[in-house]
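Here is the structure we will look at.
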Amino acid sequence: MEIEGGKISGSQLLALLVLTRLVPVTIEFPLVTGIKSPQDAWISSLVGTVLSILPVLLMVRLSLKYPGKTIIEYSQLLLGKFFGKIAGFVLVWYWLSIAATMLRSVGDAYTTAIMPETPILAFILVVGFLSANAARSGLEVVGRLGEVNMLVVILSVLLTLSLPYKVMNFENLLPVLSKGIRPIMLPTGTAISFFVEFIILGMVAPYLNNPQTLTKSSLGAIAISGFMMTAFTVVLIAVFGPTVSSLMLPAFSLARMISIGEFLERLEVIPMSAWTITVAITLAFFLWASAVATAQLLSLKRFQSLVYPLAAISVAFSILFFESFFDLELYFKKIWVPYSLTVTLGISIILYLASFIRGRSSASTKVTGLCHRNH
Amino acid sequence: MGTRARASVSPQLFAHWFVDPSGSSVWSFLRVECAAGSEPAIPSRFSRFPKNIGRPIMALLCSSAKYLMPTQFTVNKTFGKDDLIMLRNLTRLLRKNICSVSKPSQVKKDSVGKPLSKKVKVNEAFIRRAFGNSSDLVVRELHVGPGGKFTVLLVYVDGLVDKTLISENLIERISDQADKSRTPEQAYDDLKNRIIAVSDVKETGDLDNFLNHVAGGYCGLLIDDVAKVLVADTRGWAQRSIEEPTTEATVRGGKEGFVETLRTNTSLLRRRVKHPRLRIEECEIGTISKTSVAIAYISGLADEKVVQEVRNRLARINVDSIQESGQIEELIEDAPFSPFPTILRTERPDKVAGALFEGRIAILTNGTPFALIVPATFTMFLTTPEDYFERTFIGSALRAIRYLSFFTSLTLPSLYVAVTTFHQEMLPTALILNVAAQREGVPFPAVVEALLMEALFEILREAGVRLPKIVGPAVNIIGGLVIGEAAMRAGLVSPIMVVVVATTGIASFATPVFSIAIGARLLRFIMVLLAGSLGFFGIVAGLFALGIHLTSLRSFGVPFMEPIAPAIVSEFKDLLARVPWWAMHTRPALVGHKDLVRQGWDQKPKPPVYLGKDAHR
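One line per chain: the protein sequences are A and B, in this order. Using my numbering, you'd call the opening residue of the first sequence number 1 and step up by one each time. Using my numbering, you'd call the opening residue of the second sequence number 1001 and step up by one each time.
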């Protein structure tokens, strides 16, 4: 029996991937880069987008090479049982830590911006519980939720980006690259470090309706979310100028600037709601991936019973890891980039090399041992 | 095996029960017992609970066994003593609950297996005993053949038969023409082939079958010295005439509605689908009520697998009676505990016919005007036939209004609570000052105020539904006064709350199908509580939970939120907007995939060229 019975379509995968990227974009992007020349932040996000095509293509190729297998399964094939499992557990840890940061950012966003007197645990618990429920319902449900939410999110992002047109001043974008390339190198790394979260498609690839859509969906997701991220940065710089890099919750500050007529004012709650659902869906996606991965690592037949424990762990992480919003910010500035890049790039490059070597050796001996072992 | 053999239930059986992936076997057994009306045996350790608690606990225990053992396993290890004791206890536990499954109570049938007697008097006595001398059983004795040698018995139930038909086409003709038969067998053949002037005559040798026919309105004929009987279709009873459906009135469209008689309803369908491919399969459900239930579909359009699934689910029903299609709905639906229905019910034949043309399947039940349509999707519940009959723009606009009002009826009170309690900055300053001034005298927080008024409104609505027409207006006036004026004057609620409640109420009436409006009505209270505790975040959490639930629903294999999630772009033609009919080329992809193209392409009407020239002359 398959561990996950559902299948999702290419467009659902695209929606999920875009949503995954959207969470860091809207909540913390220009802030966490620690950029020295804020008016160039948009260049770094553009360059980061383009550069991240390469690692994502690497991950896609790996998944296409082993159709019907998740990254957990083929890493064990390629690296052997022991090292493969270690890689698998590292990935589960990675996804859980992402889940923890996301939970924390929801909680912080609400306690900072809207309801300062409510304990942060209230928000974290509610979102964690709901996401766990969604993840338990399977990939199909997560995919459908992502698809529906995608429309809402795109609409609200477009509105947030276009409605504060009165206060935009595009001269803030000048001068371009006044301090040379050096200051935008780290922010570019940050942008890439978020894109490599796409390693999760190693878990989804076997559950696609049509495996051929994998490449298209991932590249489409990069394009869409790269565009959104760049547009966001441009608008933010245009509205706030050089102060942008010190904004907490830049997207909500932007939504606050909306003022149309006398009655459409201070509507930040609406994009905030859309964003909350986005976080919940993304969280469900990561919880699903880590639950399925853990189930495969431990050779269980059902992943559903693992979802609640894993969700509880990520809730606990989100409380234990970070004391305050500034901890989260610090984490993204100092730790996240090397951590994320090492884990994802490290694993995918090692796997790719291994498959390359194994492919050659099996080709030379004309034994399709790999395929045999697969079935 | 030795001592191990003393475990009287095989371990494999146990393993099966305990890791039954759905946990359904135990549950369904318990349900069967409840349906039978007999008290299920409750194991002693639960007997100190009241029965209605002990039973669910037992069911829960058994069905949650799947969580205890996440993987299927086969038992082939040898058992130790502890295992055996555990096994024995479990055996007792399960045997009490499962092995003593009783079937739903049947009417005791004396007739089962009893062959028909040759002697008419014996049969008559038997029939009278079977019906217990019911006053509406009529047995009429006629004498036919030369000199009235042979006795013919007419048996029917008064009130279920067309009396003119019986007197003119049976009694009159039998007395006139049945004199020439020499032998009883000849008389029987004559009756069957020549004399009886009723279109449908069946022959049976089985008393049980005979009794069922008589109880269903057939007229039975018995002849002395012949061990066979004839049943003639003489059904005819008083029935409601075809009227405009009261629950689904439309401005444009046919005014016919289904009635309580199945045959009339199938004829209403046949009149709209004049094609031999319209299949109507009939079955009987209910061991005592013997309700006729028909499955209607268009062969070649409906997916045969779904039809088979409908047949299977209907065949699985094992109850004593079916009064209304609602019972069938609850017995066959996919999500029994969902607040939303996954089967659409309607009393409009045009709606059913429209569904059949899309490849769906209808279930008609005798005794109720409400037909069921499967597979049903969420959008169907917010659709009326009028959307398709009115011009495309107005049809689309009406539909958009309906979606809006469904959303309003679900969230408006909670939005009010959230905004006034947590997010006052969202309102324009003048309005929020106004609201604050109005709420100044109100002693309750907004959430209590909202719950109070909503509850009051629900009471008023419930009272209004079932009142006699003479008292109705009085209650409405009093209720309106109570809700609108007096509560406000008394300082219980603020005027804006009255506006909110009234809007919500009206919005919930704008949902065309009552059964889904009820779902929103119940969830509204939960949403208010969430909004009262966590503001907008609470509402968002509630909506997200709702989203998880709705997207995981399926109706007969079709995702419930079908064109929205999963998004099917080709179906957007009939979602929020309804494209003109000439652009409605294909059937819904997931339902009508057997024969996707429903009409010709390029049918957009355009004025002929020559008319334009004429107009210029």
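Glycine included, every Cβ here is placed at the ideal spot set by N, Cα and C. Every value quoted in this text rests on a predicted model; they were computed, and no experiment measured them.
query: Let me see if you follow: with CB-CB separation under 8 Å, is I277 (chain A) close to chain B or not?; result: yes
query: Using a C-beta to C-beta distance shorter than 8 Å, which residues of chain A count as neighbours of G1532 (chain B)?; result: Here the premise fails: no neighbours, minimum Cβ distance about 13 Å.
query: Enumerate in chain order the residues of its own chain whose CB-to-CB distance from F129 (chain A) is below 6 Å, with the five nearest sequence positions on each side excluded.; result: none
query: Among B:N1133, B:N1193, B:D1233, B:A1517, whose alpha-carbon lies nearest the alpha-carbon of L1165 (chain B)?; result: B:D1233
query: Taking only beta-carbon atoms, is Y308 (chain A) less than 8 Å away from chain B?; result: no
query: Within 10 Å of its beta-carbon, does C1283 (chain B) have 16 or more other beta-carbons around it, so buried, or fewer, so exposed?; result: exposed
query: Measure the Cβ-Cβ separation of A293 (chain A) and G88 (chain A) and say whether it is below 8 Å.; result: yes
query: Nearest by alpha-carbon distance to T111 (chain A): which of A:V56, A:I124, A:F240 is it?; result: A:I124
query: To which residues of the same chain is S131 (chain A) closer than 7 Å at the C-beta, ignoring the five residues directly before and after it?; result: A280, L283, A284, L287, A311
query: Give a yes or no on whether the C-beta atoms belonging to L62 (chain A) and S218 (chain A) are separated by under 8 Å.; result: no
query: Name the one or two DSSP bridge partners that Y1297 (chain B) has.; result: B:R1279
query: Give the range of the beta strand (DSSP E) segment to which L1364 (chain B) is assigned.; result: 1361-1365
query: How many Å lie between L376 (chain A) and P1445 (chain B) at the Cα?; result: Past the boundaries of the shown model lies residue 376 (chain A); chain A is included only from 1 to 375, so the question cannot be answered.
query: For V1155 (chain B) versus V1144 (chain B), is the C-beta spacing smaller than 8 Å?; result: no
query: Would you say I1166 (chain B) faces chain A, with C-beta separation under 8 Å as the test?; result: no
query: Alpha carbon to alpha carbon, what distance is there between D1208 (chain B) and I1363 (chain B)?; result: 27 Å
query: Looking only at C-alpha atoms, which of A:I357, A:S348, A:S318, A:L345 sits nearest to S97 (chain A)?; result: A:S318
query: Under a Cβ-count criterion, where at least 16 other Cβ atoms within 10 Å of its own Cβ denotes burial, should R1587 (chain B) be classed as buried or exposed?; result: buried
query: Pull up the distance between the alpha-carbon of K1103 (chain B) and that of G1286 (chain B), whole angstroms please.; result: Because K1103 (chain B) sits at a pLDDT of 49, beneath the cut-off of 50, its placement in the model cannot be relied upon, and the following sentence gives the value as read from the coordinates. C-alpha separation (whole angstroms): 12 Å.
query: How is S1292 (chain B) classed by DSSP in three states: helix, strand or coil?; result: strand
query: Which partner residues does H1143 (chain B) have in the DSSP bridge list?; result: B:T1151
query: Using a Cβ-Cβ cutoff of less than 6 Å, which residues in the same chain neighbour G10 (chain A) once the five nearest sequence positions on both sides are dropped?; result: T213, S217
query: Is L1221 (chain B) helix, strand or coil by DSSP?; result: strand
query: Within its chain, find whatever has a CB closer than 8 Å to the CB of L1576 (chain B); leave out the 5 residues flanking it on each side and keep chain order.; result: S1396, R1399, A1400, Y1403
query: Would you give the residue range spanned by the beta strand (DSSP E) that T1204 (chain B) belongs to?; result: 1201-1204
query: Please classify M185 (chain A): is it buried, with 16 or more other beta-carbons within 10 angstroms of its beta-carbon, or exposed?; result: exposed
query: Please tell me whether F123 (chain A) has its Cβ less than 8 Å away from any Cβ of chain B.; result: yes
query: Would you check if the region 1528-1545 of chain B and the region 1412-1423 of chain B touch, i.e. whether three or more CB-CB distances between them fall below 8 Å?; result: yes
query: So if I threshold CB-CB distances at 7 Å, which residues from the region 1538-1558 of chain B count as touching chain A?; result: V1540, A1541, F1544, A1545, G1547, I1548, T1551, S1552
query: Under three-state DSSP, which class holds R1578 (chain B)?; result: strand
query: By DSSP, does V1435 (chain B) sit in helix, in strand, or in coil?; result: helix
query: Short of 6 Å in beta carbon distance, which residues of its chain neighbour A221 (chain A), apart from the five on each side in sequence? Order them along the chain.; result: L14, L17, V18
query: For L1238 (chain B), report the span of its alpha helix (DSSP H) as first-last.; result: Per the sequence shown, residue 1238 (chain B) should be read as Ala rather than Leu. Counting along the chain, A1238 (chain B) falls outside any alpha helix (DSSP H), and DSSP gives it neither H nor E.
query: May I ask you to list, following chain order, the residues of the region 198-211 of chain A that have a beta carbon less than 7 Å from some beta carbon of chain B?; result: none
query: Does DSSP put P1559 (chain B) in a helix, a strand or coil?; result: strand
query: Give the range of the beta strand (DSSP E) segment to which T1346 (chain B) is assigned.; result: 1344-1346
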